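Asker: I have a structure here, written as structure tokens, and I will follow up with some questions on it.
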Amino acid sequence: MTDCLKYNNLVLLGFNSQDEQYGRLVIDNYGNVQKILKNGDKMLLANSGIMALYAKDLFTLVKEIKFNNSTNEYCLNDIVPIAANNNLSVGYVVSDEREAMGFLGLCKSLPNKPWFIYASSREVYGEQKELPVTESASIDPINNYAKGKAFIEKQITSLKDFNVAILRFSNVYGGLLDHNSRVIPALCINALRGDPIKIEGKECVFDFTYLDDVIEGICLTVKYLQSEKSSLPAIHLTTNSPCTLENLAKTILKVTKSDSRIDFYPPRNFDVTKFHGDFTRAKELLGWSPKHSLEVGLSNFIKSLQNNIQEYPNNIDM
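For what it's worth, the working numbering labels the leading residue of the sequence shown as 1, then goes sequentially.
Take a look at the structure:
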């Protein structure tokens, strides 16, 4: 840990309080751990002045940084935390808030004030009557995951002397490290297997955003914060293209050419039933707009899934 204090950039990709593995990890929102960076990647990051720090939880991260920094040797310029536990049926609002407060306390103690990007979620809005939802809509979370996100948003916006950006994502898909219980991976895997597809709430409407578009949005946000030296208001990285879960399932069957049966069930009682977000602000401030339609994004994801199935979490048996 001592060596990483020499670097100027901190990219905190996430943590997993249930896994004892340490090292250079990428962790998705469900806490699945995949070691994906090899030695060559570490050198590339180091040569770029970037150090990715990971720990079992934020408490451990803060403790280790403070322990190894008795002489204030480090100076962090950029912070991008992008992980949380988004198991909506349970949530971890208490631990998420507590750990976030400890981490923000560390940020406040830094000799310089780094710019800060926080990855939030459309979940903070809860159930909105007016669609598409804009960033000025009321914050009204209905589950613990969303309550944690909303709490941390409030704490971040109250930071003094920090340039911050809050990005609100919506149903991001397209990564092979995604958890296979999330709606798009689950439907795609079952369609490829020929197994029945389970839809909970066929009329529920969501805004599915392709991973590559989100990455571009994050990069544009970094560029803005580095060049403008000022904060951004909350920004949607969404498509404003509403899609029902029934139509999502039918599109997946079309792309996979599957004859899987669709089984319909009542909607989940801990999630919103409709959302699609306006991205006008992202276009005006960042020059960002989504480039991938749902069908194109699904086609890309399914091809990647077929080509890399052995590397998919849990080695899905196709």
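Glycine included, every Cβ here is placed at the ideal spot set by N, Cα and C.
Every value quoted in this text rests on a predicted model; they were computed, and no experiment measured them.
(1) Using alpha carbons as the reference points, say which of D178, Q226 and K129 lies closest to I302.
(2) Buried or exposed: which applies to L298, given that a residue is buried once 16 or more other Cβ atoms fall within 10 Å of its Cβ?
(3) Quick one: is V214 buried, meaning 16 or more other Cβ sit within 10 Å of its Cβ, or exposed?
(4) Using only the heavy atoms of the ligand ATP, determine whether one of them is closer than 7 Å to the beta carbon of L104.
(5) Which runs of the alpha helix (DSSP H) fall wholly inside the region 158–198 and span at least 4 residues, in chain order?
(6) Rounded C-beta distance between R292 and D207? I'm assuming under 8 Å.
(7) Assign E200 to one of three DSSP states: helix, strand, or coil.
(8) On the DSSP letters alone, give me the boundaries of the beta strand (DSSP E) that I218 sits inside.
(9) With which residues is K274 paired in a DSSP beta bridge?
(10) Applying the criterion that 16 or more other CB atoms from any shown protein chain within 10 Å of the CB defines a buried residue, is P196 buried or exposed?
(11) Within 10 angstroms of the Cβ of K181, are there 16 or more other Cβ atoms? Answer buried if so, exposed if not.
(12) Just checking my contact of T209 with L237 at CB under 8 Å: how many whole Å lie between their CB atoms?
(13) Excluding five sequence neighbours on each side, which residues of the same chain lie with their C-beta closer than 7 Å to the C-beta of K283?
(14) Measure from the alpha carbon of L245 to the alpha carbon of each residue in S121, K257, P266 and P233, then state which is nearest.
(15) Which residues in the same chain as E216 place their Cβ atom closer than 8 Å to its Cβ, once the five residues preceding and following it in sequence are excluded?
(16) Please classify V296: is it buried, with 16 or more other beta-carbons within 10 angstroms of its beta-carbon, or exposed?
(17) With a CB to CB cut of under 6 Å and the five nearest residues on each side skipped, what residues in its chain are close to I142?
(18) Alpha carbon to alpha carbon, how far is L305 from L187?
(19) Since I117 sits in a beta bridge, which residues does DSSP pair it with?
(20) Identify whether F279 lies in helix, strand or coil by the three-state DSSP scheme.
(21) When we look at the beta-carbon of E130 and count the other beta-carbons within 10 Å, is it buried (16 or more) or exposed?
(22) With L302 as the anchor, note down where its alpha helix (DSSP H) starts and where it stops.
(23) Throw me the rounded Cβ distance for the P233 and E135 pair, which I believe falls under 8 Å.
(24) Put T134 into one of helix, strand or coil per three-state DSSP.
(25) Which two residues bound the contiguous beta strand (DSSP E) that contains I235?
(26) On the DSSP bridge assignment, give the partners of D263 in chain order.
(27) Assuming R281 contacts I235 under a Cβ cut-off of 8 Å, what Cβ separation, rounded to an integer in Å, is found between them?
(28) Tell me the rounded alpha-carbon separation between L225 and N240.
(29) Using alpha carbons as the reference points, say which of C204, A165, N247 and G174 lies closest to L220.
(30) Taking the alpha helix (DSSP H) that I252 falls in, what are its first and last residues?
(31) So what's S109 in DSSP terms, helix, strand or just coil?
Answerer: Answer, in terms of the structure:
(1) One-based indexing of the sequence shown puts residue 302 at position 302. In terms of Cα proximity to I302, the closest of D178, Q226 and K129 is D178.
(2) Translated into the one-based positions of the sequence shown, residue 298 becomes position 298. Buried.
(3) Within the sequence shown, numbered from 1, the residue matching residue 214 stands at position 214. Buried, since its Cβ has 16 or more Cβ neighbours within 10 Å.
(4) This structure simply doesn't include the ligand ATP, nor any ligand for that matter.
(5) Listed in chain order, they are 183–193.
(6) For the purposes of this step, residue 292 is taken as the residue at position 292 of the sequence shown. For the purposes of this step, residue 207 is taken as the residue at position 207 of the sequence shown. For the record, residue 292 in the displayed sequence is His; it is not Arg. Taking C-beta atoms under 8 Å as the contact rule, H292 and D207 fail to qualify, at a distance of about 13 Å.
(7) As a first step, residue 200 must be located in the sequence shown, where it is residue number 200. Note: E200 maps to strand in three-state DSSP.
(8) In the sequence shown, the residue the question calls residue 218 occupies position 218. Element bounds for I218: not the beta strand (DSSP E) but the alpha helix (DSSP H), L211 to E228.
(9) Indexing the sequence shown from 1 puts residue 274 at position 274. Per DSSP, V205.
(10) Within the sequence shown, residue 196 is the residue found at index 196, counting from 1. Taking all protein chains in view, the Cβ of P196 is surrounded by fewer than 16 other Cβ atoms within 10 Å, so the residue is classified as exposed.
(11) Taking the first residue of the sequence shown as position 1, residue 181 is located at position 181. Rather than Lys, the amino acid found at residue 181 in this sequence is Ser. By the 10 Å Cβ count, S181 comes out exposed.
(12) Here residue 209 refers to the residue found at position 209 of the sequence shown. Here residue 237 refers to the residue found at position 237 of the sequence shown. Taking C-beta atoms under 8 Å as the contact rule, T209 and L237 qualify, at a distance of about 6 Å.
(13) Here residue 283 is taken as the residue at index 283 of the sequence shown, counted from 1. For K283, the CB contacts under 7 Å within the same chain, skipping 5 residues up- and downstream, are S289 in chain order.
(14) Reading the sequence shown from its first residue, position 245 is the one you call residue 245. With distances taken between CA atoms, L245 lies nearest to P266 out of S121, K257, P266 and P233.
(15) As a position in the sequence shown, residue 216 is number 216, starting the count at 1. Here the set comprises W288 and K291.
(16) Within the sequence shown, numbered from 1, the residue matching residue 296 stands at position 296. Exposed, because fewer than 16 other Cβ atoms sit within 10 Å of the Cβ of V296.
(17) Here residue 142 corresponds to residue number 142 of the sequence shown, with the count starting at 1. Cβ neighbours of I142 beyond the five flanking positions: G126.
(18) As a first step, residue 305 is located in the sequence shown; it is residue number 305 there, counting from the start. As a first step, residue 187 is located in the sequence shown; it is residue number 187 there, counting from the start. Whole-angstrom Cα-Cα distance: 12 Å.
(19) Your numbering for residue 117 matches position 117 in the sequence shown. Residue pairing from DSSP places I117 in a beta bridge opposite A165.
(20) For the purposes of this step, residue 279 is taken as residue 279 along the sequence shown, with counting starting at 1. In the structure shown, F279 sits in coil (DSSP, three-state: anything other than H, G, I, E or B).
(21) Position 130 of the sequence shown, counted from the start, is the residue given in the question as residue 130. Taking every protein chain shown into account, the CB of E130 has fewer than 16 other CB atoms within 10 angstroms, so this residue is exposed.
(22) In the sequence shown, residue 302 corresponds to position 302, counting from 1. The residue you asked about is not Leu; residue 302 is Ile in the sequence shown. Start and end: L294 to N307.
(23) Here the question's residue 233 lines up with position 233 in the sequence shown. Here the question's residue 135 lines up with position 135 in the sequence shown. Correct: roughly 7 Å between the Cβ atoms.
(24) Numbered from 1 along the sequence shown, position 134 holds the residue referred to as residue 134. Of the three classes helix, strand and coil, the one that applies to T134 here is coil, per DSSP.
(25) What you label residue 235 is simply residue 235 of the sequence shown in a count that begins at 1. Note, I235: beta strand (DSSP E), I235 to L237.
(26) Numbered from its first residue, the sequence shown carries residue 263 at position 263. BP columns for D263 point to K198.
(27) Taking the sequence shown and counting its residues from 1, the one referred to as residue 281 is at position 281. Taking the sequence shown and counting its residues from 1, the one referred to as residue 235 is at position 235. Sure, about 5 Å apart at Cβ, within 8 Å.
(28) Against the sequence shown, residue 225 aligns to sequence position 225. Against the sequence shown, residue 240 aligns to sequence position 240. Linking L225 to N240 through their CA atoms gives a straight-line distance of about 25 Å.
(29) Against the sequence shown, residue 220 aligns to sequence position 220. Restricting attention to C204, A165, N247 and G174, the CA atom closest to the CA of L220 is found in A165.
(30) Residue numbering aside, residue 252 sits at position 252 when the sequence shown is read from its first letter. Here the alpha helix (DSSP H) through I252 covers L245 to T256.
(31) Counted from its first residue, the sequence shown places residue 109 at position 109. If DSSP states are grouped into helix, strand and coil, S109 belongs with the helices.
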